[in-house]
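Chains A and B are the protein sequences, given in the same order. Positions 14 to 121 (this note's numbering) are the ones given, in order, by the first sequence. Positions -13 to 104 (this note's numbering) are the ones given, in order, by the second sequence. Heads up: the structure comes next, in structure tokens.
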Amino acid sequence: SQQGEEDPQALSIQEGENATMNCSYKTSINNLQWYRQNSGRGLVHLILIRSNEREKHSGRLRVTLDTSKKSSSLLITASRAADTASYFCATDGSRLTFGEGTQLTVNP
Amino acid sequence: EAGVAQSPRYKIIEKRQSVAFWCNPISGHATLYWYQQILGQGPKLLIQFQNNGVVDDSQLPKDRFSAERLKGVDSTLKIQPAKLEDSAVYLCASSLALAGGGRTDTQYFGPGTRLTVL
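Given below as structure tokens:
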């Protein structure tokens, strides 16, 4: 079964707005990763946050990790139409285990 | 740098037929992964190789699925015989190395093979 669970399942926003996606998981992890998948294509690695880190930034992306609550969030600031994709969190214990993803639609 | 290559991109077969997928990882990447992604779900790891040895195949349905990575480079994944529930996208990924302590490197994914079983 999938360990990570993303919330919401789907999110629709206007260009320029911020998008926040959440991920909860069940067991202890070494790190947590976020991936993006455009329709019909492979996954692209966005960012990795280690279990001893609380926040990480990469361009317009901000990821937080709360190991006490077993949760993470991905914030995309100033969204663009090109950010339209599915976003997956993946927890890294002995293997990478993906959640079911959040489908983000950014309307121009 | 060339990415992970997969072929074919699409395959349609009848149930009980056999099918094979091919993957060429990024040059120099020791670890290769095969994932199954059913529509609407996240990818699920089927098998993981480091060089030409199997690291994890605990989620591979071994009665019908097999995979090999001869010479530690290219890999093939085979399904024989296929069932309707095997309809999915099969993703190949590679990473530079398997870090110590069970932690994995960043994985780079290919475009996938979309399999439809009728």
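In this text, a Cβ means the ideal position worked out from N, Cα and C, and glycines have one as well.
Check                                                                                                                                                                                          : Outcome
According to DSSP, simplified to helix, strand and coil, what is residue 60(B)?                                                                                                                : coil
Please work out which residues of its chain come closer than 7 Å, Cβ to Cβ, to residue 58(A), disregarding the five sequence neighbours upstream and downstream, and give them in chain order. : 46, 48
If the cut is a Cβ gap below 9 Å, which residues of chain B does residue 58(A) touch?                                                                                                          : 92, 93, 94, 95
For the stretch 70 to 92 of chain A, list every residue whose C-beta sits within 8 Å of some C-beta in chain B, in sequence order.                                                             : none
Rounded to whole angstroms, what is the Cα-Cα separation between residue -3(B) and residue 68(B)?                                                                                              : 12 Å
List, in chain order, every chain A residue whose beta-carbon is nearer than 8 Å to that of residue 11(B).                                                                                     : Within 8 Å Cβ-Cβ: nothing; residue 11(B) doesn't reach chain A, min ~13 Å.
Checking 9 Å against the spacing of the C-beta atoms, do residue 72(B) and residue 101(B) come in under that value?                                                                            : yes
Starting from residue 68(A), trace the beta strand (DSSP E) both ways and give me its first and last residue.                                                                                  : 68 to 71
Rounded to whole angstroms, how far is the Cβ of residue 98(B) from the Cβ of residue 70(B), which I believe are closer than 8 Å?                                                              : Contact doesn't hold; Cβ gap of about 19 Å is too wide.
Cutting at 8 Å between CB atoms, please list the residues of its own chain near residue 26(A), excluding the five before and the five after it.                                                : 32, 92, 117, 118, 119, 120
Where do the N-terminal and C-terminal ends of the beta strand (DSSP E) with residue 110(B) fall, by residue?                                                                                  : Residue 110(B) falls outside the range modelled here, since chain B spans only -13 to 104, and no answer is possible.
Listing by chain order, which chain A residues have their CB less than 7 Å from the CB of residue 27(B)?                                                                                       : 113
Interface residues of chain B around residue 49(A) at Cβ under 8 Å?                                                                                                                            : Result: empty, since nearest Cβ-Cβ is about 11 Å, beyond 8 Å.
Kindly indicate the opening and closing residues of the beta strand (DSSP E) around residue 77(A).                                                                                             : 74 to 79
Which chain B residues sit within Cβ distance under 9 Å of residue 61(A)?                                                                                                                      : 92
Can you pull the DSSP bridge partners for residue 96(A)?                                                                                                                                       : Answer is none; residue 96(A) lacks a bridge partner.
How about residue 23(B) and residue 74(B): are their beta carbons less than 9 Å apart?                                                                                                         : yes
Less than 9 Å between CB atoms is the rule here; does residue 103(A) satisfy it with respect to chain B?                                                                                       : yes
So that I know if they touch, is there some Cβ in chain A lying closer than 9 Å to that of residue 63(B)?                                                                                      : no
Could you check if residue 40(B) is buried or exposed, using at least 16 other CB atoms within 10 Å of its CB as the buried criterion?                                                         : exposed
Quick one: using the 10 Å Cβ neighbour count with 16 as the cut-off for buried, is residue 21(A) buried or exposed?                                                                            : exposed
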